[in-house]
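Chemist: The sequence shown begins at -14 in this note's numbering and counts up one residue at a time.
Glycine is no exception: its CB is placed at the ideal position from the N, C-alpha and C atoms.
As the structure is a computational prediction, the values presented were derived from the model and not from experiment.
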Amino acid sequence: MDETSHQQGPPRRLVNATAPVARALAGRRWMPLWAVIRHRGRRSGTAYETPIAVVPTADASIVLIGLPWGAKTNWARNVVAAGGASLRWHGRDLDLVDPRIIDGDEAQRLARAPVRPVLKRFPAAIVLDRA
């Protein structure tokens, strides 16, 4: 099997091993980086809660989330298809609208300086406006 035929996304064993911890910590007031994005399946309509890491930005009117597994990440595609999502972050719920997938270069420009080198390795990110 060549590298181009690999399924995009995180290794399933990694997700299964880390998901319980991520879900327990994400969205808490004292966890500034981790949040939970709530979205619906674009075909099934099933409600999902996905732990994610919010990238600090200079513009408080937007929320930036890196997509280390690329633009075809299922939860990101669901959010774009729905036109928004809600986010549990810092112990509060936020409504987010106008989701758009951006490339890593644009994500670096939106991010605060200390995290730009991390985003340089990401192929994409999603940016949403606070409602």
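What residues are listed by DSSP as bridge partners for Pro36?
Modeler: Pro36 pairs with Val21.
Chemist: Roughly how many angstroms separate the alpha carbons of Ala43 and Thr31, rounded to a whole number?
Modeler: Looking at the two C-alpha atoms, the distance is approximately 34 Å.
Chemist: Is the number of C-beta pairs between the region 20 to 31 and the region 86 to 97 that are closer than 8 Å three or more?
Modeler: Touching, no.
Chemist: If you reduce the DSSP assignment to three classes, tell me which class Pro41 lands in.
Modeler: Coil.
Chemist: Starting from Gly69, follow the beta strand (DSSP E) in both directions and report where the run begins and ends.
Modeler: From DSSP, the beta strand (DSSP E) with Gly69 extends over Gly69 to Trp74.
Chemist: Please state the DSSP three-state secondary structure of Gly119.
Modeler: Outside the displayed range of the chain (-14 to 116) lies residue 119, so it cannot be described from this structure.
Chemist: Nearest CA to the CA of Ala116: which residue from Trp19, Asp80 and Gly51?
Modeler: Selected option, being the one with the closest Cα: Asp80.
Chemist: State buried or exposed for Ala110, treating a residue as buried only when at least 16 other CB atoms are found within 10 Å of its CB.
Modeler: Buried, because 16 or more other Cβ atoms sit within 10 Å of the Cβ of Ala110.
Chemist: I need the straight-line Cα distance from Pro36 to Trp19, nearest angstrom please.
Modeler: So the two alpha carbons sit approximately 7 Å from each other.
Chemist: Alpha carbon to alpha carbon, what distance is there between Asn59 and Ala92?
Modeler: About 19 Å.
Chemist: Using a 10 Å radius around the Cβ and a threshold of 16 neighbouring Cβ atoms, would you call Gly55 buried or exposed?
Modeler: Gly55 comes out exposed.
Chemist: Please classify Gly68 as buried or exposed, where buried requires at least 16 neighbouring CB atoms within 10 angstroms.
Modeler: Its Cβ having fewer than 16 others within 10 Å, Gly68 is exposed.
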